[in-house]
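S.K.: Residue numbers (the numbering used here), protein chains in the order written: chain A, 4 to 349; chain B, 8 to 352. Idealized CB from N, CA, C, for every residue including glycine. In this text, all values refer to a predicted model and were calculated from it rather than measured experimentally. What follows is a structure written as structure tokens; I'll ask about it next.
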């Protein structure tokens, strides 16, 4: 069923369609959330924003909810979904393993340990106030990836299997460290904060803090896309790639740096959200084929669109409570994973 | 090459749209700030309660109250009960149930409490809270963290003042933290006399226990909340103070955390004379009362513990060991058990 004959023209059309759907989704998904707002209430906010004079808004709380809370979240979801999907796709090419994604290479657990450290031990420290959980998570993500890469490195670049195994080992160590930090926490409020942080979510998104992740996702996307052909070659195997003139070690290092930076930013912004890097690239590959020049842009765009709606569901399904988005993606990813395995066998 | 260019152009377009959005929103934010300021000036002109603006310090913020809050949301029943006890139920526009229910509260307030609008079971999200349009929120310190409702800055940005019960974040929580809360609420809502009355009533109860203290060294008490692999108990905090007032000593009062797990071995070692059991009522139960007692009795490590050998259990409702009006009900029960025990010695 894989239509490998899709021309670039088709791909561009698909991309434009997804972009259009995303743009429409931004205001439409704003109708859903934990607060029970009616359709007309949300429309009032949009009208007010377009023309404050003609459409005055009396209930200012609507503005706070729809414009200050939901909209930044939606935009951050696009960035994070896109960023995680593209990193997943790239990692899968790097390791030639469809199960590779930021979380299997230890990045998420590395971020969690540092975030936990920051919350538990530095939370009340006034002089180190800049070492927020987000900054810590960013550093942790990058450190974890570097650690994984350098441990599994050899002269011809890191062996693909070694990368995954090292990633799993680092993940386990970091998870254990996070648990240790939690049990050493002097106050239960810190324990709650750490657990809350690891669950991930877009609830903290505000207009002031979403620009950076959006920038990183966009620029990262452009850079990764420019490596499409290299990724194609790497996916054929390290030895093949070397024979075809690719300096595998150099490229691996460069890509790992880029992926760490992107993933680090995403985890810093939204905590641990798994499976996006797994589900989206796989779906896209199924329909479009493994040529990264074609599948990468669609993966990035689809990741964003998918995340908008996943977050909308997470915000609404348990209303007036909110479901942690990591739970939702895991609930979707798990069965997806199993179907993957069954297909491969049969 | 061409595709790269297309891609780049699209990205740049999207990026500039978003940056434009951000700049626009900052401009809007400044405009709405100006609007809000002029609103405040107008309000000052109308409102007569301006004589003594009051500054109240709370968890991570200090607020100046130049007018009495009119739209109050309280985030748990202990808090709500305090407000009702001060006669402020008309100002309450919504309550959240946290882990309790009306049935946990004092009978005299139950009818009023049941008439209040519940905005959510448990803890509200920021969205849900904003929908009630409050100008004042009262809760535990955990409500004002990201893992609760939202961080302090979100409240401040939305012009919502808040107050967190001191007993939930003070270093050595004690019953006087609740007196402080009542005093502050009195100042904020200009009901100082009612507040003073309430505090006096509570202080009188406290003094009674100090008079009626049992002879000899303090009796060892262990508070059992829940748990089977290990026991969850109260460390340094309000419950320790409650036990002390009742005439006992919390065997785990040296633990820094106010709620911590301890091993069965430690309990056996410290050998309490009396065991308090937290009854969660029907709210959030971690095992019914009978289950908890059976758990303790059947545990082989605890066979030689004084309290278990002699069946000395005291049951307190969970709400009674949290800051609020019911603290002395817990003291009552523990005190009674302690007097009985010292008589039997």
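1) Give the residues from the segment 76–95 of chain B that approach chain A closer than 8 Å (Cβ to any Cβ), ordered along the chain.
2) Checking contacts by CB at 7 Å: is residue 43 of chain A closer than that to chain B?
3) Can a CB atom of chain B be found closer than 7 Å to the CB of residue 115 of chain A?
4) If you compare alpha carbons, which of B/345, B/77, B/335, B/166 is closest to residue 182 of chain B?
5) In the DSSP assignment, what residue or residues form a beta bridge with residue 145 of chain B?
6) Using a beta-carbon distance below 7 Å, is residue 136 of chain A in contact with chain B?
7) Determine the direct distance from the alpha carbon of residue 216 of chain B to that of residue 348 of chain B, and round the result to whole angstroms.
8) So residue 215 of chain B is in the alpha helix (DSSP H); what residue range does that whole segment cover?
9) Is it buried or exposed, residue 62 of chain B, if we count other Cβ atoms within 10 angstroms and call 16 or more buried?
10) Which first and last residues belong to the alpha helix (DSSP H) in which residue 271 of chain A is found?
11) Any chance you could list the alpha helix (DSSP H) runs of at least 4 consecutive residues sitting entirely within the segment 227–307 of chain B, in chain order?
12) Does the beta-carbon of residue 345 of chain A have 16 or more other beta-carbons within 10 angstroms, so that it is buried, or is it exposed?
13) Would you please state the rounded distance, in angstroms, between the beta carbons of residue 148 of chain A and residue 262 of chain A? I believe it to be under 8 Å.
14) Could you check which residue in A/73, A/75, A/44, A/74 has the C-alpha nearest to that of residue 60 of chain A?
15) Going by Cα to Cα distance, which pick from A/330, A/318, A/89 is closest to residue 131 of chain B?
16) Looking at chain A, which residues of the segment 117–131 of chain B have a Cβ within less than 9 Å of any of its Cβ atoms?
17) Please list the partners that residue 133 of chain B has in chain A, where partner means a Cβ-to-Cβ separation under 7 Å.
18) Is the beta carbon of residue 113 of chain A less than 7 Å from the beta carbon of residue 144 of chain A?
19) Taking a cut of 8 Å between CB atoms, which residues from the segment 73–92 of chain A lie near chain B?
20) Using a cut-off of 7 Å between C-beta atoms, extract the partners of residue 216 of chain A located in chain B.
21) With a threshold of 7 Å between beta-carbons, can residue 266 of chain B be considered close to chain A, or not?
22) What does residue 108 of chain B reach in chain A if we use C-beta pairs closer than 8 Å?
23) For residue 236 of chain B, which of B/253, B/255, B/204, B/303 has the nearest alpha-carbon?
24) Should residue 62 of chain A go down as buried or exposed, given a rule of 16 or more other Cβ atoms within 10 Å for buried?
25) Do residue 282 of chain A and residue 339 of chain A count as a contact pair if the criterion is CB distance below 7 Å?
26) Relative to the alpha-carbon of residue 315 of chain A, which residue among A/76, A/341, A/10 has its alpha-carbon at the smallest distance?
27) For a contact meaning CB atoms closer than 7 Å, what does residue 199 of chain A contact in chain B?
28) In three-state terms, what does DSSP make of residue 30 of chain B?
29) Could you pull the DSSP bridge partners for residue 68 of chain B from this structure?
30) DSSP on residue 194 of chain B, reduced to helix/strand/coil?
31) Please say whether residue 38 of chain A and residue 204 of chain A have beta carbons closer to each other than 7 Å?
32) Is any beta-carbon of chain A found at less than 7 Å from that of residue 140 of chain B?
33) In the DSSP output, which residue or residues are listed as bridge partners for residue 92 of chain A?
34) Using beta carbons (cut-off 7 Å, strictly below), is residue 64 of chain A in contact with chain B?
35) On the premise that residue 285 of chain A lies in contact with residue 101 of chain A, defined as a C-beta separation below 8 Å, what is that separation, rounded to the nearest angstrom?
36) Find the nearest neighbour of residue 201 of chain B within the set B/133, B/126, B/95, B/299, judged by alpha-carbon distance.
M.R.: A quick look at the data gives this:
1) none
2) Working through the first chain from its first residue, we reach residue 43 of chain A at position 40. No - not a single Cβ of chain B is within 7 Å of the one on residue 43 of chain A.
3) By one-based count along the first chain, residue 115 of chain A stands at place 112. Residue 115 of chain A does not count as touching chain B.
4) On the second chain, residue 182 of chain B is found 175 positions in, with the first residue counted as 1. Checked all of B/345, B/77, B/335, B/166; the closest Cα to residue 182 of chain B is B/335.
5) Translated into the one-based positions of the second chain, residue 145 of chain B becomes position 138. In DSSP, residue 145 of chain B forms a bridge with B/81, B/170.
6) Along the first chain, one-based indexing puts residue 136 of chain A at 133. So, not an interface residue.
7) The residue labelled residue 348 of chain B in the question sits at position 341 within the second chain. The residue labelled residue 216 of chain B in the question sits at position 209 within the second chain. Residue 348 of chain B and residue 216 of chain B: Cα-Cα distance of roughly 16 Å.
8) Numbered from 1 along the second chain, position 208 holds the residue referred to as residue 215 of chain B. That run of the alpha helix (DSSP H) goes 199–218.
9) Here residue 62 of chain B refers to the residue found at position 55 of the second chain. By the 10 Å Cβ count, residue 62 of chain B comes out exposed.
10) Numbered from 1 along the first chain, position 268 holds the residue referred to as residue 271 of chain A. Its alpha helix (DSSP H) spans residues 251–273.
11) 245–253, 271–277, 296–305
12) As a first step, residue 345 of chain A is located in the first chain; it is residue number 342 there, counting from the start. The residue in question, residue 345 of chain A, is exposed, as its Cβ has fewer than 16 Cβ neighbours within 10 Å.
13) Locating residue 148 of chain A in the first chain gives position 145, counting from the first residue. Locating residue 262 of chain A in the first chain gives position 259, counting from the first residue. The Cβ separation is near 7 Å, so the contact holds.
14) One-based indexing of the first chain puts residue 60 of chain A at position 57. The shortest Cα separation from residue 60 of chain A among A/73, A/75, A/44, A/74 belongs to A/44.
15) Taking the second chain and counting its residues from 1, one reaches residue 131 of chain B at position 124. Among A/330, A/318, A/89, the Cα nearest to that of residue 131 of chain B belongs to A/318.
16) 126, 127, 128, 129, 130, 131
17) If you number the second chain from 1, residue 133 of chain B lands on position 126. Residues of chain A passing the Cβ test: 72.
18) On the first chain, position 110 is the one that residue 113 of chain A refers to. On the first chain, position 141 is the one that residue 144 of chain A refers to. Yes; because the gap between Cβ atoms is below 7 Å, this pair is in contact.
19) 73, 78
20) Along the first chain, one-based indexing puts residue 216 of chain A at 213. Correct list: empty, because the minimum Cβ distance to chain B is about 11 Å.
21) Against the second chain, residue 266 of chain B aligns to sequence position 259. Taking Cβ atoms only, chain A reaches closer than 7 Å to residue 266 of chain B, which makes this a yes.
22) Translated into positions along the second chain, residue 108 of chain B becomes position 101. None at all; the shortest Cβ gap to chain A is about 17 Å.
23) Taking the second chain and counting its residues from 1, one reaches residue 236 of chain B at position 229. When only C-alpha atoms are compared, the closest one is B/303.
24) The sequence position of residue 62 of chain A within the first chain is 59, counting from 1. Residue 62 of chain A comes out exposed.
25) Here residue 339 of chain A corresponds to residue number 336 of the first chain, with the count starting at 1. Here residue 282 of chain A corresponds to residue number 279 of the first chain, with the count starting at 1. Closer than 7 Å, so yes.
26) Counting from 1 along the first chain, the entry for residue 315 of chain A is found at position 312. Closest option to residue 315 of chain A, Cα to Cα, is A/76.
27) As a position in the first chain, residue 199 of chain A is number 196, starting the count at 1. Within chain B, the residues near residue 199 of chain A are 153, 154.
28) Here residue 30 of chain B is taken as the residue at index 23 of the second chain, counted from 1. In this prediction, residue 30 of chain B scores a pLDDT of 44, lower than 50, which makes its location untrustworthy; no coordinate-derived value is stated.
29) As a first step, residue 68 of chain B must be located in the second chain, where it is residue number 61. Its beta-bridge partners are B/65.
30) What you label residue 194 of chain B is simply residue 187 of the second chain in a count that begins at 1. Here residue 194 of chain B sits in helix by DSSP.
31) Counting from 1 along the first chain, the entry for residue 204 of chain A is found at position 201. Counting from 1 along the first chain, the entry for residue 38 of chain A is found at position 35. No, these two residues do not count as a Cβ contact at 7 Å.
32) Walking along the second chain from the start, residue 140 of chain B turns up at place 133. It does; some Cβ of chain A falls within 7 Å.
33) By one-based count along the first chain, residue 92 of chain A stands at place 89. Paired residues: none, contrary to the question.
34) In the first chain, counting from the first residue as 1, residue 64 of chain A sits at position 61. Residue 64 of chain A counts as touching chain B.
35) Taking the first residue of the first chain as position 1, residue 101 of chain A is located at position 98. Taking the first residue of the first chain as position 1, residue 285 of chain A is located at position 282. So it is a contact: roughly 6 Å between Cβ atoms.
36) Taking the second chain and counting its residues from 1, one reaches residue 201 of chain B at position 194. Per the Cα distances, B/95.
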